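Taking it in order: structure first as structure tokens, then the write-up.
Residue numbers (this note's numbering), protein chains in the order written: chain E, 3 to 79; chain Z, 273 to 447.
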């Protein structure tokens with residue numbers, strides 16, 4: 003049986019069970035949804051969790067008030 | 273500056289213009305693959321989000337329509353992969369237009385089930401080639417593979433379906 007014949011039989015059978023999409027027209031404006039997605043993604047990229055800021059502040063304070071800890075810190079990095 | 277150049281440079285207004293020009297076509301393509309209007313809407317937005325994110329990789333002299341369709345196809349394929357088990361074919365899309373009374377409801381269910389169980393990359397190509405009767409060259413362009421490979425995938429999908437259907441007691445005639 004050739005590929006074409008093979009496909010014909012299957013096409014016929016499939017079409018009896020699964021019709022081609024009858025309606026592919028979009029009925030609403032998706033731009034507002036698109037804008038929301040862009041805003042959400044932008045916010046995700048920009049926002050840094052508060053505990054990351056707190057950790058950075060603590061680390062900066064330690065380095066400023068105890069400069070002697072810098073070599074130890076570098077050693078452990 | 274041309275619209276595509278402005279888009280590639282990150283201009284949101286240019287992106288909106290491209291979105292408005294192409295989103296209905298992208299949606300129509302996606303709904304033929306995923307066969308669910310709500311999911312197709314979400315995937316259209318997801319596809320355009322990917323398009324926007326990849327804007328600096330877009331060559332302004334290139335074909336935006338073809339590029340968008342390929343990204344939409346990839347987004348649809350990702351959906352078929354992740355939602356393989358949960359997604360059932362919507363009844364209105366699945367059985368609308370069925371006119372042959374000889375094919376009983378039970379047999380139709382078996383055929384749909386066998387089709388659902390195809391691996392996603394075969395299901396995608398089989399949906400477009402066998403159900404939607406999309407030309408092979410369009411499928412190849414959208415999926416990003418050669419026409420020969422599309423034919424191979426259709427052939428393998430048919431073989432898998434035939435085997436599955438035979439085991440379910442559904443006879444597949446050649447013509």
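Glycine is no exception: its CB is placed at the ideal position from the N, C-alpha and C atoms.
Only a predicted model underlies this, so the values are computations on that prediction, with no experimental measurement involved.
Would a check of beta-carbon distances place residue i closer than 8 Å to chain Z?
| i | result |
| --- | --- |
| residue 19 (chain E) | yes |
| residue 45 (chain E) | no |
| residue 59 (chain E) | no |
| residue 23 (chain E) | yes |
| residue 69 (chain E) | no |
Could you work out which residues of chain E lie near residue i, taking near to mean beta carbons separated by less than 8 Å?
| i | result |
| --- | --- |
| residue 292 (chain Z) | 33 |
| residue 316 (chain Z) | 28 and 32 |
| residue 387 (chain Z) | 16, 19 and 20 |
| residue 321 (chain Z) | 36, 39, 40 and 43 |
8 Å is my cut-off, CB to CB: does residue i come that close to chain E?
| i | result |
| --- | --- |
| residue 307 (chain Z) | yes |
| residue 351 (chain Z) | no |
| residue 366 (chain Z) | With a pLDDT of only 49 at residue 366 (chain Z), under 50, the local geometry of the prediction cannot be trusted, and no value is derived from it. |
| residue 383 (chain Z) | yes |
| residue 303 (chain Z) | yes |
| residue 440 (chain Z) | no |
| residue 288 (chain Z) | yes |
| residue 341 (chain Z) | no |
Could you tell me which chain E residues have their CB closer than 7 Å to the CB of residue i, listed as they occur along the chain?
| i | result |
| --- | --- |
| residue 344 (chain Z) | Correct list: empty, because the minimum Cβ distance to chain E is about 13 Å. |
| residue 236 (chain Z) | With chain Z covering 273 to 447 only, the question about residue 236 (chain Z) has no answer from this structure. |
Please list, in chain order, the chain E residues whose beta carbon lies closer than 9 Å to that of residue i.
| i | result |
| --- | --- |
| residue 427 (chain Z) | 5, 8 and 9 |
| residue 433 (chain Z) | 12, 15 and 16 |
Note down, in chain order, every chain Z residue with its Cβ under 7 Å from the Cβ of residue i.
| i | result |
| --- | --- |
| residue 63 (chain E) | Within 7 Å Cβ-Cβ: nothing; residue 63 (chain E) doesn't reach chain Z, min ~37 Å. |
Under 8 Å between C-beta atoms, does residue i make it to chain A?
| i | result |
| --- | --- |
| residue 313 (chain Z) | The question asks about chain A, but that chain is absent: this structure's protein chains are E and Z. |
Curious, which full-length alpha helix (DSSP H) runs of at least 4 residues does the stretch 391-424 of chain Z contain?
The DSSP assignment places complete alpha helix (DSSP H) segments of no fewer than 4 residues inside the stretch 391-424 of chain Z at 392-398 and 408-415, in order along the chain.
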